[in-house]
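Right, one structure below, let's go through it.
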Amino acid sequence: MKKYGLMTGLLALSVMVSACGNNDNASGDNNGDAGDNNNNNAEVNNDVNEAVAVDEEDEDVEVTEVGSDDADVELSFWLFGATGYPELAEEYVEENPNVSINFQEIEMGDHHNNLFTALSAGSGAPDLAAIEVSEIDGYKSAEDRFVNLYDLGAEEIEDDYLDWVWENGKNVDGDFLFGLPTDIGPTVMFYRADVFEEAGLPSEPEEVEELVSTWDDYREVAQTILDETGKPMADNPETVFNAKRDQAPEAYFNEEDELILEDSPYVRDSFLETSEMIENGYVENFGMWTPEWGAGMADGDFATLLAPAWMQGVIKGNAPDATDWRVAAMPEGGGNWGGSYVAIPEQSEHAEEAYEFLTWLLSPEQQLRAFENMGLFPSTPEVYDMPEFNDFTDDYFGGQNTAQVFADSALEVNHVHKGPQYGDVNSEILAGLDNVYDGFDAEEEWQDILDRVGQRINR
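Counting in our numbering, the sequence shown runs from 230 upward without gaps.
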């Protein structure tokens with residue numbers, strides 16, 4: 230493998246776009262939330278003004294070439310973040326020496342912007358492209374820019390994947406498959422055993438799951454911990470709201486991408502119940518990804534962190550010397566936060582070869598290896614029954630088989646349609662929760678959220 234810090238072949242474009250859902254603001258807002266990158270929420274328009282090739286060093290881009298320079302087929306693969314896929318691909322190219330693969334890994338927001346730009350231009354797209362789960366609906370108005378994986382035989386492997394994950398990768402009619410699922414983010418309750426013990430409560434995972442099996446239980450325990458230790462139950466409003474929202478059978482839009490916030494009780498109830506916990510002092514407001522948030526993990530400044538499987542790496546990174554973090558099931562069942570798909574843009578000249586590699590890379594066997602190597606949680610339930618998975622333990626979490634807790638959560642999730650403007654709505658709700666934390670009335674803030682959302686998605 231050869232690694233370089235060089236970005237090549239990306240296009241910078243000035244494009245005219247027509248947004249879905251009557252949103253004619255092509256630029257969108259990006260406040261750092263994974264679901265709020267709305268450059269991807271626009272419908273691709275063929276009226277491209279200019280395409281400019283970019284060839285410059287960028288330390289944030291990692292390019293890895295796997296395979297021989299003399300290979301007959303060179304595949305390009307755009308990814309975000311660290312996946313470990315180049316290392317897995319070494320085995321594939323050994324078995325398929327006619328194929329080489331050029332991987333580009335970059336920060337998620339830039340990755341999606343670059344992909345959207347290349348699709349808009351009609352040139353410059355890779356053979357394979359990862360798309361984060363909260364972004365994928367933003368591309369579904371542009372079916373003609375992707376290969377329908379059903380045309381390549383994807384129905385033959387559908388049963389290998391969790392039903393709800395597969396469903397997220399299809400169009401609403403169910404006859405077009407945009408991508409194969411990679412990892413997922415089943416949600417659990419990470420908790421500090423020492424804080425529970427300080428409050429005089431049971432602290433072993435089985436005991437905590439029984440103690441906190443419902444949201445009523447969660448609030449009762451929160452009050453006990455606050456009374457006995459002075460510490461909040463949760464780190465911030467976003468994680469609590471996300472946990473409750475992702476248990477609901479619907480979110481912000483129906484499958485016709487019509488806003489349903491005023492008619493559906495689930496999101497409103499999640500917002501108001503989270504607000505009540507804020508008002509009762511059960512929820513602190515450590516901003517996610519801030520130094521204070523990380524320090525809180527290390528110091529045990531809050532009792533629980535309601536989060537997806539991938540958060541285990543974040544906790545370990547921020548609190549490497551902590552010995553009291555444990556994992557239990559989420560009250561009233563799991564949800565999903567995160568994960569991605571890999572699509573094949575229509576521009577690819579090697580769609581069949583790309584698909585063959587993709588089905589190998591995302592098979593149960595390779596997903597197990599990605600889990601072992603990089604902690605990517607599998608979207609293929611066959612892995613959950615493999616001996617390596619069942620025997621897995623994590624010393625950091627007290628020797629628990631954390632993988633099984635995550636798997637049990639994954640099996641409880643149902644498909645929920647998000648819609649291309651999901652990130653816009655989510656941003657306004659999170660801003661509203663911040664306002665509640667600052668003392669605003671929750672009921673009045675909910676009405677303000679409805680107004681702001683209406684203005685934002687219709688502008």
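Think of the CB as a built atom: it goes at the ideal place given N, C-alpha and C, for glycine as much as any other residue. Note that the structure is a prediction, hence the values are computed from the model and not measured.
| request: Determine which residues share a DSSP beta bridge with PRO607 and list them. | output: For PRO607, the pairing in a beta bridge is given by DSSP as ASP412.
| Own chain residues within Cβ distance below 8 Å of PRO326, not counting five before or after | So the qualifying residues of the chain are GLY296, SER297, ALA300.
| field | Limits of the alpha helix (DSSP H) - the one that PHE309 falls within | value | Not the alpha helix (DSSP H): PHE309 falls in the beta strand (DSSP E), residues 302-309.
| task | Quick one: residues in its chain with C-beta nearer than 7 Å to the C-beta of ASN630, no 5 flanking neighbours on either side, listed in chain order? | result | Answer for ASN630: PHE621, THR622, listed in chain order.
| query | Among all the DSSP beta bridges, which residues are the ones paired with ARG421? | reply | According to the DSSP secondary-structure assignment, ARG421 is paired through a beta bridge with TRP554.
| task | Just the C-alpha distance for GLU485 and PRO649, rounded to the nearest angstrom, thanks. | result | Taking the straight line joining both Cα atoms gives about 11 Å.
| Beta-bridge pairing of GLN333 - partner residues as DSSP gives them | Answer is VAL292, TRP307, bridged to GLN333.
| field | Residues that DSSP places opposite GLN629 in a beta bridge | value | Beta-bridge pairing links GLN629 to ASP623.
| Where LEU378 sits in the DSSP three-state scheme | Secondary structure at LEU378: helix, using DSSP grouped into helix, strand and coil.
| field | DSSP beta-bridge partners of ILE360 | value | As DSSP reads the structure, ILE360 sits in a beta bridge with TYR570.
| field | Where PRO593 sits in the DSSP three-state scheme | value | Residue state, collapsed to three classes: helix.
| request: Assess, as a yes-or-no matter, whether the region 433-449 is touched by the region 492-500 under the definition of 3 or more beta carbon pairs within less than 8 Å. | output: Segments in contact, no.
| said: Quick check on PRO537: does DSSP put it in helix, strand or coil? | reply: For PRO537, the secondary structure class from DSSP, reduced to helix, strand or coil, is strand.
| task | Specify the secondary structure class of LYS399 as computed by DSSP and reduced to three states. | result | LYS399 sits in a strand when the DSSP states are folded into three classes.
| task | Give the single residue among PRO478, ASP339, TRP393 whose Cα lies nearest to the Cα of LEU640. | result | Of the listed residues, the one whose Cα sits closest to LEU640 is TRP393.
| said: ALA532 and ARG421 - do their beta-carbons sit closer together than 9 Å? | reply: Yes, these two residues count as a Cβ contact at 9 Å.
| said: Rounded to the nearest angstrom, what separates ILE720 and GLU427 at their Cα positions? | reply: Beyond the ends of the chain as shown, which are 230 and 688, falls residue 720; an answer cannot be given.
| field | Separation of TYR321 from LEU406, as counted between CA atoms | value | Their backbone Cα atoms lie some 24 Å apart in a straight line.
| Apart from the five residues just before and just after GLU582, which ones in its own chain have a Cβ nearer than 7 Å to its Cβ? | Apart from the 5 residues on each side of it in sequence, GLU582 sits with its Cβ closer than 7 Å to the Cβ of VAL302, LEU304, VAL328 in its chain, given in chain order.
| task | Tell me whether the beta-carbon of THR588 lies closer than 9 Å to the beta-carbon of LEU409. | result | One thing to note: THR588 has its Cβ within 9 Å of the Cβ of LEU409.
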